[in-house]
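Structure, as structure tokens:
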Amino acid sequence: VDPRIITEALGDDPVKASGFGVRNIKRLVPMLIPATTTNKLDNYDRLEDLYGELINQWAREMNHVAVVVGGVYQFTKYASQSGTVYQPVPRTKQAEAVQFLNENVFTTPSFFFDPEILRRIEPTGFVERVRTRQTA
């Protein structure tokens, strides 16, 4: 898979872009309760939906980086052009991606463990929700 052409990936550096994405997610988690409880007669369905979307976005960001490891760049070439069509992602880029994944996937994303949110949306199962994304 060519990591430069992944759906919803921004820029030409997946590690850098996903780093920005994770920082934004960390900023958004504390805003969820105030943003979803403006009407005091509503239940917590919106909170649960948006919380789930943040976890899904985190998983997308991690997938953008995961494809760098073992990835291959593909170039459109014609018979008259020199050079190869496929080139492995440089070792340094792959090492960067592995480091990022170690820090952001294989280390539990504790910023999602907000007890104020979790007590409102689910009695159990959150750990399983994150574990599923970590192992996908």
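Position 126 (the sequence shown) corresponds to 112 in the working numbering; numbering is contiguous.
Don't be surprised by glycine CBs; every beta carbon is placed ideally from N, CA and C.
When you compare the CB of R117 with every CB in chain B, is at least one pair closer than 8 Å?
Protein chain content of the structure displayed is limited to a single chain, and chain B is not contained in it.
Does Q67 come out as helix, strand or coil in the three-state DSSP assignment?
Here residue 67 corresponds to residue number 81 of the sequence shown, with the count starting at 1. Of the three classes helix, strand and coil, the one that applies to Q67 here is coil, per DSSP.
Cβ-Cβ distance between I11 and R119 below 8 Å:
Residue mapping note: residue 11 aligns to position 25 of the sequence shown, counting from 1. Residue mapping note: residue 119 aligns to position 133 of the sequence shown, counting from 1. Contact flag unset, no.
To which residues does DSSP link Q73 through a beta bridge?
Taking the first residue of the sequence shown as position 1, residue 73 is located at position 87. In the DSSP output, where bridge partners are listed per residue, Q73 has Y59.
Can you list, in chain order, the residues of its chain whose CB lies under 7 Å from that of R32, leaving out five sequence neighbours each side?
Residue numbering aside, residue 32 sits at position 46 when the sequence shown is read from its first letter. Answer for R32: T22, listed in chain order.
Quick test of the definition: if touching needs 3 or more C-beta pairs under 8 Å, does the region 70 to 90 touch the region -2 to 17?
yes
Given 8 Å as the limit, is there contact between the region 15 to 30 and the region 63 to 70, that is, 3 or more CB pairs closer than that?
no
For G38 and G56, what's the separation of their Cα atoms in angstroms?
Counting from one through the sequence shown, the residue named residue 38 turns up at place 52. Counting from one through the sequence shown, the residue named residue 56 turns up at place 70. Spanning the two alpha carbons is a distance of roughly 29 Å.
Compare the C-alpha of R(-10) against each of N88, V8, V53 and name the closest.
Position 4 of the sequence shown, counting from 1, holds the residue named residue -10. Checked all of N88, V8, V53; the closest Cα to R(-10) is V53.
Which stretch, first to last residue, makes up the alpha helix (DSSP H) that contains N42?
By 1-based counting over the sequence shown, the position of residue 42 is 56. Element bounds for N42: 31 to 52.
Start and end of the alpha helix (DSSP H) containing V91?
By 1-based counting over the sequence shown, the position of residue 91 is 105. No alpha helix (DSSP H) contains V91, which DSSP labels as neither H nor E.
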